[in-house]
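Sequence lines, in order, name chains A and B.
0 is the number of the first residue of the first sequence in numbering that gives the first Met the number 0; add one for each residue after it.
0 is the number of the first residue of the second sequence in numbering that gives the first Met the number 0; add one for each residue after it.
Note that the Cβ used here is the ideal one computed from N, Cα and C, for glycine as well.
Note that the structure is predicted; figures quoted are calculated from it, not measured.
2 protein chains.
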Amino acid sequence: MAVMTPSETVTAFIQAIERLDIDGAVAILSDDVLYENVPMNPIAGREGVRAALAGFLGSASQVAWPVSSQFEHGNRVVNERVDRFKIGEGWLEMPVAGFFDVNDQGLITLWRDYFDLATYTDQMAALRP
Amino acid sequence: MAVMTPSETVTAFIQAIERLDIDGAVAILSDDVLYENVPMNPIAGREGVRAALAGFLGSASQVAWPVSSQFEHGNRVVNERVDRFKIGEGWLEMPVAGFFDVNDQGLITLWRDYFDLATYTDQMAALRP
């Protein structure tokens, strides 16, 4: 079996999120993963990330996170994305810069996203029934 | 004279900003540079960026933009920074993810920063006399 590159690992993680497959997504995270949404409090550990994903994926009926650029530098992967969530009848769209570290076991140990929090909350308020 | 790498070009640009040397900073930009503060409207052209820099550097008596990580991929440079501005007696601090493209003439053609706008505006409101 071919080992995935760090970039392929991040792509598999995002594809799991797009399938709303939380088990599949967190299986790609290390036990001690650190998840930083930069404007918010960091979340430590796989089970903490599971709860966070369940929260923000739970309000969406569909999710698409198209990646406009992604590349790796050693074990670090960087991407630019537009994280899209279907909320009710509309789509919330949020530009994101993501930084990921992937360990030698092919698990994500760091996930750090930079984005504008109000871009998310303002659209959520407008779209929620 | 040694040609700078794209990463060195970005470092020189940030160092000019830290010196509050707007002329030195914009000299490293292409005429048609595109400057995107992602939560805000994009700014096109060197003179537009000069005006933007004059605006947000003008309210600061000191500026430090420490870079925690930076690397290049072809002509693309990515960094993570904390952009710090001394406003009155206090320091405003804003985490930023920056994406830069550098052309073959060693000029920056794209500067795209991801950050949380309220992190800036809330601190600015608190610090301004």
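Minimum C-alpha distance to residue 106 (chain A) - residue among A:14, A:17, A:26
Looking at the Cα atoms, A:26 is the closest of the given residues.
If you draw a straight line from the alpha carbon of residue 0 (chain B) to that of residue 36 (chain B), how long is it in whole angstroms?
Any reading at residue 0 (chain B) must be qualified, since the residue scores a pLDDT of 47, below 50, and its modelled position is unreliable; the value itself is stated next. Taking the straight line from one Cα to the other gives about 33 Å.
Just to check, is the beta-carbon of residue 112 (chain A) closer than 6 Å to a non-hydrogen atom of the ligand HEM?
The ligand HEM is absent from the structure shown, which contains no ligand whatsoever.
Within the stretch 93–117 of chain B, ranges of the beta strand (DSSP E) (whole runs, at least 3 residues)
Whole beta strand (DSSP E) segments, 3+ residues: 107–113.
Which residues mark the beginning and the end of the alpha helix (DSSP H) in which residue 53 (chain B) is found?
That run of the alpha helix (DSSP H) goes 45–57.
For residue 66 (chain B), the nearest candidate out of B:79, B:94, B:8 (CA to CA)
Looking at the Cα atoms, B:79 is the closest of the given residues.
Given a cut-off of 7 Å, decide if residue 29 (chain B) and residue 71 (chain B) are closer than it, judged by their beta-carbon atoms.
Between residue 71 (chain B) and residue 29 (chain B), the C-beta gap is not smaller than 7 Å, which leaves the two residues out of contact.
Please list, in chain order, all residues of the same chain as residue 43 (chain A) whose beta carbon is under 8 Å from its beta carbon, the five residues on each side excluded.
For residue 43 (chain A), where only same-chain residues beyond five positions count, the Cβ hits under 8 Å are 31, 32, 33, 34.
Per DSSP, what kind of secondary structure is residue 88 (chain A) in: helix, strand or coil?
Coil.
With contact counted as at least three CB pairs below 8 Å, one residue from each stretch, are the stretch 80–89 of chain B and the stretch 108–128 of chain B in contact?
Taking 8 Å as the limit for Cβ pairs, the verdict is that the stretch 108–128 of chain B does touch the stretch 80–89 of chain B.
Using the Cα positions of residue 97 (chain B) and residue 20 (chain B), report the straight-line distance between them to the nearest angstrom.
Here the alpha carbon of residue 97 (chain B) sits roughly 20 Å from the alpha carbon of residue 20 (chain B).
Interface residues of the stretch 66–99 of chain A facing chain B [CB-CB below 8 Å]
Against chain B - using a Cβ distance shorter than 8 Å - the residues of the stretch 66–99 of chain A are 68, 70, 72, 75, 77, 79, 94, 95, 96, 98.
Hey, quick one: how far does the beta strand (DSSP E) through residue 214 (chain A) stretch, first residue to last?
No answer is possible for residue 214 (chain A): the residues shown for chain A start at 0 and end at 128.
What residues in the stretch 27–42 of chain A have a beta carbon less than 8 Å from any beta carbon of chain B?
Of all residues in the stretch 27–42 of chain A, only 37, 38 place a beta-carbon less than 8 Å from a beta-carbon of chain B.
Short Cβ contact (7 Å threshold) for residue 17 (chain B) with residue 63 (chain B):
Between residue 17 (chain B) and residue 63 (chain B), the C-beta gap is smaller than 7 Å, which places the two residues in contact.
Could you give the residue range of the beta strand (DSSP E) that holds residue 66 (chain B)?
Run containing residue 66 (chain B): 66–72, per the beta strand (DSSP E) assignment.
Under 9 Å from the C-beta of residue 124 (chain A): neighbouring residues of chain B:
From the beta-carbon of residue 124 (chain A), no residue of chain B is found nearer than 9 Å; the closest lies around 15 Å away.
Range covered by the beta strand (DSSP E) that runs through residue 31 (chain B)
Taken as a continuous stretch (DSSP letters only), the beta strand (DSSP E) holding residue 31 (chain B) covers 28–36.
Assign residue 38 (chain B) to buried or exposed, taking buried as 16 or more other Cβ atoms, counted over all protein chains shown, within 10 Å of its Cβ.
Buried: at least 16 other Cβ atoms inside 10 Å.
Residue 53 (chain B) burial status per 10 Å Cβ neighbour count (16 or more: buried)
So residue 53 (chain B) ends up on the exposed side.
Would residue 116 (chain A) pass as a contact of residue 115 (chain B) if the rule is Cβ separation under 7 Å?
In this structure, residue 115 (chain B) lies closer than 7 Å to residue 116 (chain A) by Cβ.
With 16 as the cutoff for other CB atoms within 10 Å, does residue 82 (chain A) come out buried or exposed?
Its Cβ being crowded by 16 or more others within 10 Å, residue 82 (chain A) is buried.
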